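*Asks:* Numbering (the numbering used here), first residue to last: 604 to 1023.
One structure, as structure tokens, below. Some questions next.
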């Protein structure tokens, strides 16, 4: 039930059906008697709608296998190649919740830069189905080496692109502090048009986490740079990392973006993400209110509480993806630290990635978890990502800890998000 309305929701198709009270009674009665076929006699139109929209499915139909087919089609898409590049593991901030081990003197050298360029060319030469190469800059703070790593790679990729019918687009996860107006030309030139920039609450709370010195915060600089990007038609996701401490005054962030006009606001999206160390799970309603708050004021807004991980599965699950660290070691998951024990391969001087057994294990592990096959909300969470499956080490697992109350809440928030 959402806002006193009874709704049927199909987790596979994302379709929903709003029910009149009399239909609710009919549906509940049929469920209680385990006789959905009996609805034909009482309300044939309603019964046929349930069949057509797949709320009633033949027992012979293997829906788990259908999910697997969709998952494989998405994860094995050979028309795109996604490369994440970490120019450095160093950063100009030291956020308390960051899981990365910052390495002060880390910087990608010219040899590794050359190997990456050779790798992209090798990928394109081997697969003429690829129509787009997506470059994602990560780290560390990648803009620390905008001139010495990012631009040299871009320049070489431009030379490669002329030999192939391929689009090269890119995005970046950055704290946004180092963005300068002079960079915009290069951003546009190399199709770097998608930015994720984090805010840690309102000005006061953000500046207690991300600061230049004890007398200078970073909030105003970062907000200025976000608006600079939006005004110049670069897409920006302002990721608000929240804890129960900083949620109270999040609305104040809107005041600092209220001067953007309607057209500029279209380029800015606010997303709410709980800091991973935060254990208090009773924040959902407050997060929903904040999403509604930003949407009501003309901004796009989303919550990480609302999953859609079948159609938008993690890039680490995809075959055509690699993350190359500053030192040439290769990874898949970027939500774990880039230690040697997590490495899944290495890029050679010829540009080839030599994958180790961890990679092959990852590519064959999804949807083998038996509890997922009978879960009522499959495929909302896609059976968990490959990283979760690997870390479960063959044991039964559930990303929601087998808690049916949490699962019901996930469905509730999914429907609510669609209706907003």
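All C-beta atoms, glycine included, are put in the ideal place defined by N, C-alpha and C.
The model shown is predicted, which means the values in this text are computed figures rather than measured ones.
Is DSSP giving residue 715 helix, strand or coil here?
*Replies:* Note: residue 715 maps to helix in three-state DSSP.
*Asks:* Reducing DSSP to helix, strand and coil, say where residue 914 ends up.
*Replies:* Three-state DSSP puts residue 914 in coil, outside helix and strand.
*Asks:* Rounded to the nearest angstrom, what separates residue 616 and residue 646 at their Cα positions?
*Replies:* Answer to the nearest angstrom: the Cα atoms are 24 Å apart.
*Asks:* Quick check on this structure: which residue in 800, 1010 and 873 has the alpha carbon closest to the alpha carbon of residue 901?
*Replies:* Among 800, 1010 and 873, the Cα nearest to that of residue 901 belongs to 873.
*Asks:* Look at the alpha carbon of residue 836 and the alpha carbon of residue 661, and state the distance between them as a whole number of angstroms.
*Replies:* So the two alpha carbons sit approximately 49 Å from each other.
*Asks:* Thinking just about the alpha-carbon of each residue, which of 920, 865 and 914 is nearest to the one in residue 903?
*Replies:* Selected option, being the one with the closest Cα: 865.
*Asks:* Check this for me: beta carbons of residue 893 and residue 850, under 9 Å apart or not?
*Replies:* Cβ atoms of residue 893 and residue 850: closer than 9 Å.
*Asks:* Around the C-beta of residue 997, are 16 or more other C-beta atoms found within 10 angstroms, so that it is buried, or is it exposed?
*Replies:* By the neighbour-count rule (16 or more Cβ atoms within 10 Å), residue 997 is not buried but exposed.
*Asks:* Would you tell me roughly how many angstroms separate the C-alpha atoms of residue 628 and residue 642, rounded to the nearest one?
*Replies:* Whole-angstrom Cα-Cα distance: 11 Å.
*Asks:* Quick check on the DSSP output: the beta strand (DSSP E) that includes residue 738 runs from which residue to which?
*Replies:* Counting along the chain, the beta strand (DSSP E) containing residue 738 begins and ends at 735 to 740.
*Asks:* Kindly indicate which three-state DSSP category residue 786 falls into: helix, strand or coil?
*Replies:* Looking at residue 786 - three-state DSSP - the assignment turns out to be helix.
*Asks:* Do you know offhand how far residue 760's Cα is from residue 622's?
*Replies:* So the alpha carbons of these two residues sit roughly 54 Å apart.
*Asks:* Measure how close the beta-carbons of residue 799 and residue 842 come, nearest whole angstrom, since I'm counting them as under 8 Å.
*Replies:* 6 Å between Cβ atoms; contact.
*Asks:* Only counting the same chain, and skipping five residues up and downstream in sequence, which positions put a Cβ closer than 8 Å to that of residue 613?
*Replies:* So the list reads 619, 656, 657 and 658, once near-sequence residues are dropped.
*Asks:* State the CB to CB distance for the pair residue 970 and residue 671, rounded to an integer number of angstroms; the pair is presumed to be in contact (CB under 8 Å).
*Replies:* Confirmed, Cβ separation roughly 5 Å.
*Asks:* DSSP beta-bridge partners for residue 927?
*Replies:* Paired residues: 688 and 933.
*Asks:* How would you write the range of the beta strand (DSSP E) that residue 799 sits in, first residue to last?
*Replies:* First-last of the beta strand (DSSP E) with residue 799: 795 to 802.
*Asks:* Return the bridge partner residues of residue 814 from the DSSP annotation.
*Replies:* 820.
*Asks:* Using a Cβ-Cβ cutoff of less than 7 Å, which residues in the same chain neighbour residue 730 once the five nearest sequence positions on both sides are dropped?
*Replies:* Once the five neighbours on either side are set aside, the close Cβ partners of residue 730 are 681.
*Asks:* Would you list the residues sitting across from residue 773 in a DSSP beta bridge?
*Replies:* The partner list for residue 773 (beta bridge, DSSP) reads 738 and 795.
*Asks:* When you compare only the Cα positions, how much space is there between residue 708 and residue 690?
*Replies:* Cα to Cα, the separation comes out at about 11 Å.
*Asks:* When the Cα atoms are used, what is the spatial distance from residue 908 to residue 1010?
*Replies:* Between residue 908 and residue 1010, the C-alpha separation is close to 11 Å.
*Asks:* Could you tell me how far apart the beta carbons of residue 807 and residue 854 are, in whole angstroms, since I believe they sit closer than 8 Å?
*Replies:* At roughly 14 Å, the Cβ-Cβ gap does not stay under 8 Å, so residue 807 and residue 854 are not in contact.
*Asks:* Which two residues bound the contiguous beta strand (DSSP E) that contains residue 1008?
*Replies:* Not the beta strand (DSSP E): residue 1008 falls in the alpha helix (DSSP H), residues 1007 to 1022.
*Asks:* Once you ignore the five residues that flank residue 809 on each side, which residues in its own chain have a CB closer than 6 Å to its CB?
*Replies:* Taken in chain order, the residues that qualify are 802, 803 and 822.
*Asks:* Which of the three DSSP states is assigned to residue 939 in this structure?
*Replies:* Residue state, collapsed to three classes: coil.
*Asks:* What separation, rounded to the nearest whole angstrom, lies between the Cα atoms of residue 637 and residue 648?
*Replies:* Their Cα atoms are separated by approximately 19 Å.
*Asks:* Near residue 845, what residues of its chain come up, given a Cβ to Cβ distance below 8 Å and the 5 sequence neighbours on each side ignored?
*Replies:* 804, 853, 875, 876, 877, 878, 881, 886 and 890, listed in sequence order.
*Asks:* Mind checking which residues open and close the alpha helix (DSSP H) that includes residue 868?
*Replies:* From DSSP, the alpha helix (DSSP H) with residue 868 extends over 865 to 868.
*Asks:* In or out: residue 888 buried (at least 16 other Cβ within 10 Å) or exposed?
*Replies:* With fewer than 16 Cβ atoms within 10 Å of its Cβ, residue 888 is classed as exposed.
*Asks:* On a Cα-Cα basis, can you pick out the residue from 735, 745, 1017 and 1008 that is closest to residue 683?
*Replies:* Ranking 735, 745, 1017 and 1008 by Cα distance to residue 683 puts 735 first.
*Asks:* Give me the Cα-Cα distance between residue 700 and residue 693, rounded to the nearest whole angstrom.
*Replies:* Using only the alpha carbons, I get a separation of about 15 Å.
*Asks:* Okay, do the stretch 717 to 730 and the stretch 953 to 964 touch, 3+ Cβ pairs below 8 Å being the bar?
*Replies:* With the cut-off at 8 Å, the stretch 717 to 730 and the stretch 953 to 964 touch.
*Asks:* List the DSSP bridge partners of residue 906.
*Replies:* BP columns for residue 906 point to 875.
*Asks:* What are the boundary residues of the alpha helix (DSSP H) that residue 648 is part of?
*Replies:* Counting along the chain, the alpha helix (DSSP H) containing residue 648 begins and ends at 647 to 655.
*Asks:* Under 8 Å Cβ to Cβ from residue 777, same chain only, skipping five residues before and after it: list those, please.
*Replies:* For residue 777, where only same-chain residues beyond five positions count, the Cβ hits under 8 Å are 740, 744, 745, 746, 798, 799 and 800.
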